[in-house]
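First comes the structure, then the notes that go with it.
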Amino acid sequence: MDIDDILREVDPTSSGVPNETSDLQSLTRLWVAERSAPELLEWPSGGLFERINDRIKAQIEKIEILTGDMDPKTNFALIVIQTELERYKFLVRSYLRARIAKIDKHTLHYLSSEELRSRLSETELAYATRHQALLHNHYLSSFLSSFPTQLQNLNDTAGNVSMIDSPDLDAAVFIRMLRDRPVTGQGTDADITLNASNGEVLILRWSSAKSIVEDGDAELV
Amino acid sequence: MYGEQGIKLVQHAKRTLNLSHLPPYQTETVRAVTREVRDLDKDVTELLEPFQGSFNPSADQAVACTLLVNHLSMRRNKRCLLAYHRTRTDKLEELVWKGADVVDLSGQQVRGDPNAKDTPTSSLSPQEEDYVRQYSDLLAAYKGQWTDIDLTGSLEPPRDLFIDVRVLKDAGEIQTEYGAITLTRNSQFYVRQGDVERLIAQGYLQKLS
Chain L
13 MDIDDILREV DPTSSGVPNE TSDLQSLTRL WVAERSAPEL LEWPSGGLFE RINDRIKAQI
73 EKIEILTGDM DPKTNFALIV IQTELERYKF LVRSYLRARI AKIDKHTLHY LSSEELRSRL
133 SETELAYATR HQALLHNHYL SSFLSSFPTQ LQNLNDTAGN VSMIDSPDLD AAVFIRMLRD
193 RPVTGQGTDA DITLNASNGE VLILRWSSAK SIVEDGDAEL V
Chain Z
23 MYGEQGIKLV QHAKRTLNLS HLPPYQTETV RAVTREVRDL DKDVTELLEP FQGSFNPSAD
83 QAVACTLLVN HLSMRRNKRC LLAYHRTRTD KLEELVWKGA DVVDLSGQQV RGDPNAKDTP
143 TSSLSPQEED YVRQYSDLLA AYKGQWTDID LTGSLEPPRD LFIDVRVLKD AGEIQTEYGA
203 ITLTRNSQFY VRQGDVERLI AQGYLQKLS
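Those sequence lines, one after another, are chains L and Z. The C-terminal position of the first sequence is numbered 233 in the numbering used here, with every residue numbered one higher than the one before it. The C-terminal position of the second sequence is numbered 231 in the numbering used here, with every residue numbered one higher than the one before it.
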């Protein structure tokens, strides 16, 4: 018996509604994936975070209502709900922070093309743009403004070295197969294709794993 | 020698990475590197002047080589400067996320965490102070989208709702859902983690495991 079972018994609103459980599941999945993928993943569409936010608000209100009631039996339920809420909040917080960390690290890279920009949520995009502007201003006022004009850019590619740092797409990730299918992995010496079956855990480069994960045939662990 | 000042900055940045506080801003070195870049640029312009824009590298290899070295030195210096400043801003951002902004900007808590307070005021360049201020605003704006979550909260997965804490410094009275508690030094409490997280981060309380 885990905390979900207890919750289901005491909390009529969360019982048996598959939508809410699946939201939590997708949040957990997103969180795990975001933490192990070397690059920023797509911001979930379909109002997942709006629903999550509403639910957190509802739980907070519920706790406020329940707090007045000091009957030992409901009080226990209250503690369970509060614990659950803290964990839920942690998931969201950790997920958002993981994303922000990646955005901060390679801001210009994620702002550089339309395809990459679309991975960010609206608020993240606003944050990234503003953050980059702040940094640029800071460089300008600290030293860049006294440089010769042709050296003031932050996106030079002279000498075959791009100033824009991008995430290492060849970093290794662990994936768990959700379906039987052949998997092609690139190695240093040779490439390999093997038939992976459902439930197997593989380690391979993110660049090779990306398409499989995007097809929904595997998930990051 | 070209680039000598630049390497100093990089070494400084490297050292900063392993420190818990921010060492003072190297105004002199930054200025020296910037001056070097400007001098190099002047040299380049002077070298190119007699050619009137029609310079042929293969015809005059000595000049071409000088130009190349000058250019590379300038770029290298720029990289050094960028790396140095980026390392510092990263550190500052980390402090802002930890809540150093409150102490630094509002000045309400004079007795605040000595680490958080002294670093941003004494060892920052004016530009960096500006940056911290603007970044705090930016972060506050972003956090405002997620008011219920408290983005700057602990990144440790919560295990227990309630924790034991010891009070390290008098923090006065705080309000919780279970009534008010007065935090006096060396006393111990069993409180809800969410209520005191801020105070732990600021060094008023210590979590007991």
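Heads up, the beta-carbon is just placed ideally off N, CA and C, and yes, glycines get one too.
Open item on the list: Just to confirm before moving on: does the CB-CB distance between LEU227/Z and ALA193/Z stay below 9 Å?
Closed with: yes
Task: Cβ neighbour criterion (16 or more within 10 Å) applied to SER158/L - done: exposed
- [ ] Along the alpha helix (DSSP H) that carries GLU26/Z, what are the first and last residues, could you check?
- [x] 26 to 39
Task: Whole-number beta carbon distance between VAL52/Z and PHE155/L, since they are thought to touch under 8 Å - done: 6 Å
TODO: Report whether the distance from the Cβ of ARG108/Z to the nearest heavy atom of the ligand ADP is below 8 Å.
DONE: With respect to the ligand ADP, the structure shown offers nothing to examine, as it has no ligands at all.
Open item on the list: Mapping the DSSP letters down to three states, classify ASP225/Z as helix, strand or coil.
Closed with: Reading off the sequence, residue 225/Z comes out as Gly, not Asp. Reduced to three states, the DSSP call for GLY225/Z is coil.
Task: LEU232/L: first and last residue of the uninterrupted beta strand (DSSP E) it sits in - done: 230 to 232
Open item on the list: Runs of 3 residues minimum, wholly inside the segment 173 to 203 of chain Z: which ones carry the beta strand (DSSP E) assignment?
Closed with: 184 to 189 and 194 to 198
Task: Burial state of CYS87/Z, where buried means 16 or more other Cβ atoms lie within 10 Å - done: exposed
TODO: Using DSSP bridges, identify the partner residues of LEU166/L.
DONE: BP columns for LEU166/L are empty, so no partner.
Open item on the list: Assuming TRP43/L and SER133/L are in contact, meaning their beta carbons sit under 8 Å apart, how far apart are those beta carbons, in whole angstroms?
Closed with: No, TRP43/L and SER133/L are not in contact; Cβ-Cβ is about 15 Å, not under 8 Å.
TODO: Could you tell me whether any Cβ in chain Z is nearer than 9 Å to the Cβ of THR95/L?
DONE: yes
TODO: Check whether the Cβ of ARG220/Z lies closer than 9 Å to any Cβ atom in chain L.
DONE: no
Open item on the list: Classify GLY134/Z: buried if its beta carbon has 16 or more other beta carbons within 10 angstroms, exposed otherwise.
Closed with: Here GLY134/Z scores only 39 on pLDDT, less than 50, and its place in the model should not be relied on; the value that follows carries that caveat. It is buried - the Cβ of GLY134/Z has at least 16 other Cβ atoms within 10 Å.
TODO: Helix, strand or coil for MET175/L, going by three-state DSSP, please let me know.
DONE: coil
Open item on the list: Cutting at 6 Å between CB atoms, please list the residues of its own chain near LEU90/Z, excluding the five before and the five after it.
Closed with: none
Open item on the list: Which of the three DSSP states is assigned to PRO148/Z in this structure?
Closed with: helix
Task: Cross-chain neighbours of HIS150/L in chain Z, by beta carbon under 8 Å - done: HIS107, THR111, GLN149, GLU150, ASP152 and TYR153
- [ ] Establish whether the CB of LEU177/Z and some CB of chain L are separated by less than 9 Å.
- [x] yes
Open item on the list: If contacts are defined as beta-carbon pairs under 8 Å, then GLN210/Z and ARG188/Z qualify, I think. What distance do you get, rounded to the angstrom?
Closed with: 5 Å
TODO: Using a cut-off of 7 Å between C-beta atoms, extract the partners of PRO160/L located in chain Z.
DONE: ASP63
Open item on the list: Under 8 Å: do the segment 179 to 187 of chain Z and the segment 175 to 186 of chain L share three or more Cβ pairs, one atom per stretch?
Closed with: no
Task: Strand pairing of GLY58/L, partner residues [DSSP] - done: GLY58/L pairs with nothing; no bridge assigned.
TODO: Please name the residue, chosen from TYR151/L, ASN31/L, LEU53/L and GLU96/L, that lies closest to ILE72/L on a Cα-to-Cα basis.
DONE: GLU96/L
Task: Below-9 Å beta-carbon distance, ASP217/Z vs any chain L residue - done: no
Open item on the list: Helix, strand or coil, according to DSSP, for ARG207/Z in the structure here?
Closed with: coil
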